[in-house]
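Remarks on the structure that follows.
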Amino acid sequence: MIQLLASAAVTGLMLGGLYGALAVGLSLIFGIIRVINFAHGAFLMLSMYASFWLWYFFHINPYLSILLVVPLFFLFGYAVQQLVIRPMFVRERALVVEPLGVLLLTAGLDLVLSNLALLFFKSDYRAVISPLGDSTLRLGFLDLNLPRFLLFLLSFAITGGLYWILNHTEVGVAIRSVGQNREAAALCGVNVYRIYSLTFGLGTAVLAMVGAAMTPFYYINPSMGSALGVKSFIVVVLGGLGSVPGALLGGLILGVVESVTAQFVPATTSVIFSFLLFIIVMLWRPKGLMGMLEA
Amino acid sequence: MPISALECVHANAPSVEGRDHPRRSSALSWWIIAAATLLFLIIPLLLHDPYYLHIFILVFLFAYLGTAWSLVGMAGQLSLGHAAFLGIGGYTSTLLFMEWGVTPWLGMWMGAILSAVVGILIGYPTFRLRGPYFALTTIAFAEILRIYVENTEVGPFGIPLRAGMGLLVPLKGSAPALFQFDSKEPYYYLSFLMMCMAVGLSFLINRTRFGFYLAAIRADQDAAESLGINSTRFKLLAMTVSCLLAALGGTFYAQYFRYINPERAMGLGISIEIALVGIVGGWQTVLGPTIGSVLLSPLSELVRAYLGGTYAGLHLIFYGLVLMVVVLFLPNGIFGPLQMAIRRLEAKIRKSDEKG
């Protein structure tokens, strides 16, 4: 029993690393731009397809494809902010827009992107087939799936890297200053709209990195985005809206909770449980768990 | 000078900056509404093709659901989980019919009561959340219900929910007493009647003190509360009426399609479809959802029918684009600009009358 629980906890940690890594970009975008990107899941799906096609047509290893996918999705995110979301800021002549409108706008974008993917890529499940996908790592009595373990490590690297960028580069400091006080940042000569676009690009690039690292073990399908997108929202709310380290922590907690409860109840009940967790945190701890720690 | 009722409705919508509505009686709007009503009443006499009637039924059904949905919107809260109430209504009446032979005419009211109770239970804690947080939480509630039903063969007390299989309404042929008709016409008039009643109810609500309270709450909740309006109470009241109506629509949905399943009756897709007709038309106006449905439902049905087979999901791309365009360019829906156009037309007519 203990062994079973320990193995569930470790599986949960691996899963949690994935959830955390997925949510980091979403949380960054919310924290800086105050935009809830409903299309986050669709972006992930697209990045996984990008990595998949690179493997399918050019036989590029998914891990190697990160080098191509990350800049591509940085540009994609930058363009989405510039072309789709920025018009709202311009219309309202404000540095922060009414969040409900942006939620609906990105919900529309989500519908368009996921169904375009359905139109062009069909609803078939696709997977990168490589010996790496099945290889395992033995740790004591536990068998770890190697790609999942690599993603777990990557999630810490991503969070750490992002934390470093935000704290030790000029752009990062500018991004944080915008997040703290838009007007003051603008007065100090920071081009707030440009920072918004950079932030959106950065958040999307980070997401694409996770997407590429997921392709060796995760089946790809046009509708996969919505389930993982919802998970990212839960994680962001758990970790505290806008907090980057909080997102990773929230992801790890959700992963372990899901994996351990799945030992006792059917998997669907554990999905319901994670939605309940979202509602409970929303209602009673809207600042998230990190907010609680700070208080 | 008498102020037309329609003016009142618009007068308590949040005023858009620099757009001052002169309090002129807009008789033309009333003529247009009357002409449209008359046209809808005689259409089945002229048009016998069941497919065209089906499109009209969808227009009325979604106008009805959108109007029901917009009652919560009038309290300033945008719900993206209204399919849950549609599903509760449809499932309750259908299960009562299948298990105990209760006619859906009666079952629909049981569903409505159940839906209203669930609405209050959900609304009470969540109405403190504003804007996107409320919207996301309503999605979560609706998804919980959908996932639960989708994975439960036999629910509590032995209720046969039949999981993802859905419920097939037993066919009884032409049985008006059991809410079943063998032609489209009765469904046509029934859905039309339901739409008119929902719009009428929304219109009446907007003319009463209750409607003014809702308008005050959505314009500025804190200011409204400081004037002594109990915002939670009135939001809950709006939610109750909205959930009741949505559930009645759910029974119609089940009886008309003779089949419901969790995905089609409770899924996020249908929640968005309901919200979309309201958002496109103007989600805080009486006639907005109806206009939204008249514009959207036929287009989406035609796209689905003619291109859906070869290009799955095309109608959803269309929905997504419409949503984006409306949010970017018509944030208050099409109702406001439409009314302005009618006003301008009216002024032109008046001027030419004076000349003549």
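Chains as they are written, first to last, in the working numbering: chain A, 1 to 295; chain B, 1 to 356. We put the CB at the ideal spot given by N, CA and C, even for glycine. Treat the numbers as computed from the prediction; the structure is a model and nothing was measured.
- Contacts with chain A at 7 Å (Cβ-Cβ) include B:Tyr-311.
- A:Ile-36 places its beta carbon less than 7 Å from that of B:Pro-132.
- For B:Asn-206, the closest C-alpha among the options B:Ala-140, B:Ala-254 and B:Val-286 is that of B:Val-286.
- When DSSP states are grouped into helix, strand and coil, A:Val-128 belongs to the coil group.
- Identification of chain B residues near A:Gly-101 by a Cβ-Cβ cut-off of 7 Å yields Val-327 and Pro-331, ordered along the chain.
- According to the DSSP secondary-structure assignment, A:Leu-139 is paired through a beta bridge with A:Leu-142.
- The Cβ atoms of B:Met-110 and B:Thr-94 do not sit closer than 7 Å to each other.
- When the five nearest sequence neighbours on each side are left out, the beta carbons in the same chain lying within less than 8 Å of the beta carbon of A:Gly-179 are those of Gly-31, Ile-32 and Gly-242, in order along the chain.
- Under the Cβ criterion (8 Å, minimum of three pairs), the region 123 to 130 of chain B counts as touching the region 226 to 242 of chain B.
- Annotated as proximal: B:Ala-198 and B:Ala-68, with beta-carbon spacing under 7 Å.
- Only Pro-125, Thr-126, Arg-128, Leu-129, Gly-131, Pro-132, Tyr-133 and Ala-135 from the region 124 to 135 of chain B bring a Cβ to less than 8 Å from some Cβ of chain A.
- One finds Ile-147 and Asn-151 in chain B with Cβ atoms closer than 7 Å to the Cβ of A:Thr-268, taken in chain order.
- The C-beta of B:Tyr-306 has fewer than 16 other C-beta atoms within 10 Å across all chains shown, which makes the residue exposed.
- Under the 8 Å Cβ criterion, the region 60 to 78 of chain A counts as touching the region 202 to 221 of chain A, having at least three qualifying pairs.
- Remark: C-beta atoms of A:Ala-23 and A:Thr-106 do not approach each other more closely than 7 Å.
- Shown here for A:Ala-185: same chain residues with a beta carbon closer than 8 Å to its own, the five before and five after excluded, namely Ala-174, Ser-177, Val-178, Val-192 and Ile-195 in chain order.
- The C-beta of B:Ile-291 has 16 or more other C-beta atoms within 10 Å across all chains shown, which makes the residue buried.
- Per DSSP, the unbroken alpha helix (DSSP H) holding B:Tyr-189 starts and ends at 184 to 207.
- In the structure shown, B:Gln-180 falls within a strand segment according to DSSP collapsed to helix, strand and coil.
- About 7 Å separates the beta carbons of A:Leu-276 and B:Ile-144, which is inside the 8 Å limit, making them a contact pair.
- Around A:Ala-205, no beta-carbon contact reaches into chain B at under 8 Å, the shortest distance being about 23 Å.
- DSSP links B:Tyr-259 through a beta bridge to B:Leu-168.
- Taking all protein chains shown into account, B:Lys-184 has 16 or more neighbouring C-beta atoms within 10 Å of its C-beta and is therefore buried.
- A:Ile-220 is bridged by DSSP to A:Arg-126.
- By the Cβ test, the region 94 to 105 of chain B is in contact with the region 172 to 184 of chain B, since at least three Cβ pairs between them sit closer than 8 Å.
- Classified as buried, B:Tyr-188 has 16 or more neighbouring CB atoms from the shown chains inside 10 Å of its CB.
- For A:Glu-258, the uninterrupted alpha helix (DSSP H) run begins and ends at 244 to 261, by DSSP.
- Rounded to whole angstroms, the separation of the alpha carbons of A:Ser-123 and B:Thr-137 is 29 Å.
- Interface residue (Cβ-Cβ distance to chain A less than 7 Å): B:Met-324 is classified as such.
- Residue burial annotation: A:Ala-94 is exposed, with fewer than 16 other C-beta atoms found within 10 angstroms of its C-beta.
- Just so you know, the alpha carbons of B:Thr-310 and A:Leu-119 end up roughly 9 Å apart.
- For B:Ser-26, the closest of B:Ser-352, B:Asp-353, B:Met-340 and B:Glu-354 by C-alpha to C-alpha distance is B:Met-340.
- Contact annotation, A:Ala-262 with A:Ser-270: C-beta distance approximately 5 Å; criterion of less than 8 Å satisfied.
- Note on A:Ala-42: 16 or more other CB atoms within 10 angstroms of its CB, so buried under the neighbour-count rule.
- In this structure, the alpha-carbon of A:Gly-239 lies about 20 Å from that of A:Leu-44.
- Within 10 angstroms of the beta-carbon of A:Gln-3 lie fewer than 16 other beta-carbons, which makes it exposed.
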